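Letter by letter, the sequence shown follows residues 50 to 313 of my numbering.
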Amino acid sequence: MEMKTYLNESFKSKGLLRWTFMPLNVFIAPMKFYSKQGQDYLYKQMVIKACEEWERASMGRVRFVLVDNLLSSNINVEWRRIDRKALGHCKFSFDATNRLYGAEVSIGLSDGVMCQRYMAEEEVYHTILHEIGHALGLGHSPYDTDIMYTPHKYGVVSLSPRDKTSIQWLYKLEQGTSVANLSSKYKIGSNNPDEIITKVILQNNPSEFEQVKNSLSPSVPKKDLLTEQTNIADLKKYNLAIQNIQLSDNVKRYLGKPIEKKID
Numbered sequence: 050m051e052m053k054t055y056l057n058e059s060f061k062s063k064g065l066l067r068w069t070f071m072p073l074n075v076f077i078a079p080m081k082f083y084s085k086q087g088q089d090y091l092y093k094q095m096v097i098k099a100c101e102e103w104e105r106a107s108m109g110r111v112r113f114v115l116v117d118n119l120l121s122s123n124i125n126v127e128w129r130r131i132d133r134k135a136l137g138h139c140k141f142s143f144d145a146t147n148r149l150y151g152a153e154v155s156i157g158l159s160d161g162v163m164c165q166r167y168m169a170e171e172e173v174y175h176t177i178l179h180e181i182g183h184a185l186g187l188g189h190s191p192y193d194t195d196i197m198y199t200p201h202k203y204g205v206v207s208l209s210p211r212d213k214t215s216i217q218w219l220y221k222l223e224q225g226t227s228v229a230n231l232s233s234k235y236k237i238g239s240n241n242p243d244e245i246i247t248k249v250i251l252q253n254n255p256s257e258f259e260q261v262k263n264s265l266s267p268s269v270p271k272k273d274l275l276t277e278q279t280n281i282a283d284l285k286k287y288n289l290a291i292q293n294i295q296l297s298d299n300v301k302r303y304l305g306k307p308i309e310k311k312i313d
């Protein structure tokens with residue numbers, strides 16, 4: 050069964066890890082690459098666009114505010130030279146109760162020809178979207194159509210339906226909740242949070258086939274069927290009553306039937 054979410058990595062040993070307050074203050078560090086300084090505005094707008102896309106996907110559960118002071122930020126976005134291990138990084142800060150209170154996002158950039166394909170604007174935007182997703186508490190997705198899939202999937206430059214469903218459920222569930230709590234709440238036996246959520250979604254949203262099948266089923270209320278059965282039973286009783294009627298002599302003469310004489 051294909052899962053509707055990928056929240057398994059968001060459940061830590063002490064429960065679900067996410068922010069407990071909104072809005073989140075975001076600081077975007079100035080461009081420190083000499084060759085990229087003229088594009089500082091472009092990259093800053095990419096971060097703003099990525100934040101807005103996650104806001105819309107969360108259906109209002111996530112909100113960001115841009116700040117110009119690093120000390121007042123919850124999420125710090127900085128630029129660094131690209132390395133071989135990853136195109137971006139996100140480092141969390143959270144307390145003993147799994148409440149996030151800080152995130153450091155690093156976006157890799159390069160001046161070299163070797164990484165020219167990655168340096169296309171849409172691919173840099175992919176990395177920014179991906180890392181902001183981590184900063185919100187999302188882990189990696191096993192599906193390559195999702196922005197949170199790893200390794201970097203070229204051509205994926207927007208949030209998928211599963212990305213949107215995942216962020217909505219991440220902030221719909223109570224911070225710190227365990228998989229056992231989730232299983233008990235929805236009465237679905239499983240130790241996989243994504244399996245539980247997927248089954249809940251499928252229960253609440255019948256498939257297209259089931260919807261069509263239900264629309265074609267005879268819409269005869271049970272009450273009408275019961276009434277019909279009662280009417281048939283009454284008709285049978287009426288027929289039996291007619292068969293037992295004794296006709297008088299006058300009626301028999303009228304109908305031309307022979308009159309039976311009783312012999313005492």
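Even for Gly, the Cβ is constructed at its ideal location relative to N, Cα and C. Since the model is a prediction, treat every value here as computed from it, not as a measurement.
| query | Helix or strand or just coil, what does DSSP make of V269? | reply | Note that V269 has pLDDT 49, beneath the 50 cutoff, so the model's placement of it is unreliable and the number below is only indicative. In the structure shown, V269 sits in coil (DSSP, three-state: anything other than H, G, I, E or B).
| task | Please check the pair A106 and D193, which I expect to be a contact at CB under 8 Å, by giving their CB distance rounded to whole angstroms. | result | Incorrect: roughly 19 Å between the Cβ atoms, too far for contact.
| request: Note down, one range per segment and in chain order, each beta strand (DSSP E) of at least 3 residues found wholly within the stretch 155-199. | output: none
| request: Name the two residues that bound the continuous alpha helix (DSSP H) containing R105. | output: D89 to A106
| request: Tell me H138's beta-bridge partners as DSSP assigns them. | output: S155
| field | Distance, D89 Cα to N57 Cα | value | 36 Å
| message | Quick check: the Cα distance between S209 and L120, rounded to an integer number of angstroms? | response | 33 Å
| Going by the beta-carbon positions, is the gap between N147 and K61 smaller than 8 Å? | yes
| task | Measuring alpha carbon to alpha carbon, tell me which of M80, L219, K236 and Y150 ends up nearest S122. | result | Y150
| What are the boundary residues of the alpha helix (DSSP H) that includes E223? | Here E223 belongs to no alpha helix (DSSP H), and DSSP marks it neither H nor E.
| query | With 16 as the cutoff for other CB atoms within 10 Å, does V154 come out buried or exposed? | reply | buried
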